[in-house]
Ligand SMILES: [Zn+2]
C-alpha cells in the first residue's frame, strides 16, 4: 500500500460520509479494499437505524466483504475508515486476517471534539485503547496507516460542517 493510494482511498471514504450518510447518522465512511485498492465494499454508518450496537460501519464492511468473497478471512485486504477503528473493529480486522488498516481522524480527535462540543447530538464516545495497541498484540500483525488526511476527516465530526456540505452538494474531494 503506498501513501498516494492510501490518501485516495480515504478521499473516497470522506465522500461516502458526506454524500451517503442520512441525517442523524454518524458521518463515517468505511470500505474494504483489496491490495490494489479495488473496492470490495463501501458504506457509511447506519448505526442509528437499528438496534445492533456492534453495527459500526467497519464491522458491517468486514461482514459484507466476507459474504461477497465467501470467505471468513480477508487476506490481502485493507480496512479503510474516516475515524480510527475502535478496539472491537480493530480486533475483527485481525480475526479476519486482513493485511492492514488505513484511517483518517484519530481517537483523540474524537475525544477532543466531544470535550469541546458538549452540545453535539452525536456521541463520539470512545474506548480509549488505540488501534495501534490492539495491532501490536495481534496476529497477524496488520499494517497501520494512521492519520491519513486527518484534518479533512476531523471535520466530519462536526454535524454543522456535514450539513453545510450536504446542502451545497459538493463533490469536490
Ligand atoms: Zn468500531
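Residue numbers (our numbering): 16 to 188. The beta-carbon is built from N, C-alpha and C at its ideal position, and this holds for glycine as well.
Nonlocal neighbours in the same chain, by C-beta distance under 6 angstroms from residue i, ignoring five residues either side
i	result
residue 110	none
residue 160	21 and 117
Residue i versus the options, residue with shortest Cα-Cα distance
i	options	result
residue 146	157, 29, 140 and 138	157
residue 168	82, 51, 17 and 128	128
residue 26	54, 178 and 183	54
residue 119	95, 17 and 48	95
residue 90	83, 76 and 112	112
residue 72	87, 28, 150 and 140	28
residue 52	172, 115 and 130	115
residue 104	141, 49 and 17	141
residue 199	149, 177, 106 and 98	Nothing about residue 199 can be read from this structure; the chain reaches only from 16 to 188.
residue 57	182, 68 and 80	80
residue 132	24, 174, 164 and 166	174
residue 98	182, 179, 183 and 46	46
residue 43	49, 50 and 75	75
residue 182	17, 33 and 24	33
residue 19	180, 163 and 179	163
Same chain, Cβ closer than 8 angstroms to residue i, five either side skipped, listed in chain order
i	result
residue 143	122 and 126
residue 4	Any property of residue 4 remains undetermined from this structure, which presents the chain solely from 16 to 188.
residue 106	149 and 153
residue 83	55 and 56
residue 87	81 and 111
residue 165	119, 120, 121 and 124
Simplified DSSP assignment, three categories, for residue i
i	result
residue 59	strand
residue 47	strand
residue 120	strand
residue 107	helix
residue 137	coil
residue 128	helix
residue 148	helix
residue 142	coil
residue 94	strand
residue 26	helix
Close beta carbons around residue i, own chain, < 7 angstroms, minus the five adjacent residues each side
i	result
residue 49	55, 91 and 92
residue 137	41 and 174
(request) Only counting runs of 3 or more residues, tell me where the beta strand (DSSP E) segments fall wholly within the stretch 154-188, in order along the chain. (result) 158-160
(message) Does the contact criterion of 3 or more C-beta pairs under 8 angstroms hold for the stretch 33-49 versus the stretch 62-72?
(response) yes
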